[in-house]
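In case it helps, our numbering puts the sequence shown at residues 196 to 508.
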Amino acid sequence: MNDASGQLSIKGQEHWTNKGPARLFMWEKRAPGGPKKGTILFVHGSSMASQPTFDLQVPGRQGTMDYFASQGFDTWSVDMEGYGRSTKDRGLDATISEGADDCAAASEYIMKTRNSGPLMVYGISSGALRAALFAQRHPERVKRLALDAHVWTGQGSPTLVERKKKLPELLKNKRRPIDRKFVRSIFERDHPGTADDNVIEAFATHILELDDSIPNGTYIDMCNHLPVVDPTKIFVPTIIMRGEYDGIASFDDLLKFFEKLPNPDKTFAVMPGIAHASFQQKNYMIAYHILLSFFTQPEPIYSTYKPGQAGTH
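Printed below as a string of structure tokens:
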């Protein structure tokens, strides 16, 4: 079935899983005719739930989950605890580590429900940190790992310099309020003009329908506790996707992280004209193309790499 812009419109299905006493909301869009290329788990960032990030519906644009489902992937997203439709009343900080636990619960549910085998995993911003830590803990569940708007030590990050000024405030409260002005600031802080106004507005509307406040845990981690991920312990094939104008991590920080990844099946991709929120940018099709290319890359026929062995890269 096609929508008004002539693109394939794919029906979503909601799922729920448990992480201890917490309920996690999951959203699935399946490949028409079955997943010929695998199954993707999308992991959202600090300031919004999963559906606005990965299933945003704007006339004339194809949402992320619709695009990858149309390319032959089953696609899933999950609201981290404290966000969207997942449990919000346990007073959790929603740290990076707790987010990695959410990814573990989601992956277990997907692999059991769909018999999918290991997943393609994409995370953006603090979602990249959650996804990386999840891959570090559960390499057997991750086929390929994509880290977009990622940060390692935080050195040279203009965004984190500004964020640290608000740290005393963040430490006082479990959650911070969000509004339309805040969502707009995500697109204006690095390089204004990289996203269309109607997309920013639709994004803000969808975010605020689900949340009027969000947890502070990832912000505190990114200001106070970096690094939270050890690149030498990420054994799965990995791509680092970095927007040209993204202020969350310096090139230097990411290149040092990239260098330490032991698996030789690794890619560093720069996305021209893109700031922080890749899938909401004017150049979003570049992000889709890079990610599709990495997720459909043939596995090496010849390789001497053995996970966990030093000196194999």
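Don't be surprised by glycine CBs; every beta carbon is placed ideally from N, CA and C.
Keep in mind the model is a prediction, meaning the values are calculated, not measured.
Review point. Who pairs with Glu223 in a beta bridge, going by DSSP?
Key: As a first step, residue 223 must be located in the sequence shown, where it is residue number 28. Answer is Gln208, Trp271.
Practice item. Compute the Euclidean distance between the alpha carbons of Phe452 and Ser488, then round it to the nearest angstrom. Key: As a first step, residue 452 must be located in the sequence shown, where it is residue number 257. As a first step, residue 488 must be located in the sequence shown, where it is residue number 293. Looking at the two C-alpha atoms, the distance is approximately 22 Å.
**Study point:** Between the CA atoms of Asn478 and Thr389 - distance to the nearest angstrom
**Key:** As a working mapping, residue 389 is identified with position 194 in the sequence shown. As a working mapping, residue 478 is identified with position 283 in the sequence shown. Each residue's Cα considered, the two are about 8 Å apart.
Point to revise | Whole runs of the beta strand (DSSP E) within the region 363-449, excluding any shorter than 3 residues | key: 370-372, 408-410, 433-438
Practice item. Return yes when the Cβ of Ser320 is within less than 9 Å of the Cβ of His345, no when it is not. Key: Against the sequence shown, residue 345 aligns to sequence position 150. Against the sequence shown, residue 320 aligns to sequence position 125. Yes, Cβ-Cβ distance for His345 and Ser320 is below 9 Å.
Check your understanding: In chain order, what residues of the same chain have a beta carbon less than 8 Å from the beta carbon of Asn368, not counting five sequence neighbours either side?
Key -> To locate residue 368, count along the sequence shown from 1; it is residue 173. Correct list, in chain order: Asn411.
Exercise for review: State the Cα-Cα distance for the pair Tyr262 and Met306, rounded to the nearest angstrom.
Suggested key: For this step, residue 262 is matched to residue 67 along the sequence shown. For this step, residue 306 is matched to residue 111 along the sequence shown. Cα to Cα, Tyr262 sits roughly 22 Å from Met306.
Exercise for review: Ignore the nearest five residues each way along the sequence and tell me which others in Gly349's own chain have a CB closer than 6 Å to its CB.
Suggested key: Within the sequence shown, the letter at position 154 stands for residue 349. Closer than 6 Å at the Cβ level, and outside the excluded window around Gly349, lie Leu355, Leu421.
Check your understanding: So, Ser281 versus Arg218, is the Cβ gap smaller than 9 Å?
Key -> As a position in the sequence shown, residue 281 is number 86, starting the count at 1. As a position in the sequence shown, residue 218 is number 23, starting the count at 1. Yes.
Practice item. Output yes or no for whether 9 Å exceeds the beta carbon distance between Ile429 and Pro334. Key: In the sequence shown, counting from the first residue as 1, residue 429 sits at position 234. In the sequence shown, counting from the first residue as 1, residue 334 sits at position 139. Yes.
Check your understanding: Which term fits Asn419, buried or exposed, when burial requires 16 or more other beta carbons within 10 angstroms of its beta carbon?
Key -> For this step, residue 419 is matched to residue 224 along the sequence shown. Label assigned to Asn419: exposed.
Point to revise | For Met315, the three-state DSSP class (helix, strand or coil) | key: Counting from one through the sequence shown, the residue named residue 315 turns up at place 120. Here Met315 sits in strand by DSSP.
Point to revise | Buried or exposed by the 16-neighbour rule on C-beta atoms within 10 Å, applied to Gly442 | key: Counting from one through the sequence shown, the residue named residue 442 turns up at place 247. Buried, since its Cβ has 16 or more Cβ neighbours within 10 Å.
Practice item. Per DSSP, which residues does Ala217 bridge with? Please list them. Key: Translated into positions along the sequence shown, residue 217 becomes position 22. In DSSP, Ala217 forms a bridge with Lys214.
Review point. Taking the alpha carbon of His239 as the point to measure from, which residue in Lys224, Gly279, Ser204 has its own alpha carbon closest?
Key: For the purposes of this step, residue 239 is identified with residue 44 of the sequence shown, where counting begins at 1. Measuring from the Cα of His239, the nearest candidate turns out to be Gly279.
Check your understanding: With C-beta atoms as the reference, is Gly207 less than 9 Å away from Trp222?
Key -> As a first step, residue 207 is located in the sequence shown; it is residue number 12 there, counting from the start. As a first step, residue 222 is located in the sequence shown; it is residue number 27 there, counting from the start. Yes, the Cβ-Cβ distance between Gly207 and Trp222 is below 9 Å.
Review point. How big is the Cα-Cα spacing for Ala341 and Asp296?
Key: Along the sequence shown, read from residue 1 onward, the residue named residue 341 stands at position 146. Along the sequence shown, read from residue 1 onward, the residue named residue 296 stands at position 101. One C-alpha to the other measures close to 18 Å.
Check your understanding: Which first and last residues belong to the alpha helix (DSSP H) in which Thr354 is found?
Key -> Working through the sequence shown from its first residue, we reach residue 354 at position 159. 353-359 is the span of the alpha helix (DSSP H), which, as asked, contains Thr354.
**Study point:** Burial state of Leu366 (16 or more Cβ within 10 Å)
**Key:** Counting from 1 along the sequence shown, the entry for residue 366 is found at position 171. Answer is exposed; the Cβ neighbour count stays below 16.
Exercise for review: Below 6 Å CB to CB, which residues in the same chain sit around Tyr483 once its five sequence neighbours on both sides are set aside?
Suggested key: Residue numbering aside, residue 483 sits at position 288 when the sequence shown is read from its first letter. Correct list, in chain order: Tyr262.
Check your understanding: What separation, rounded to the nearest whole angstrom, lies between the Cα atoms of Leu236 and His401?
Key -> What you label residue 236 is simply residue 41 of the sequence shown in a count that begins at 1. What you label residue 401 is simply residue 206 of the sequence shown in a count that begins at 1. So the two alpha carbons sit approximately 20 Å from each other.
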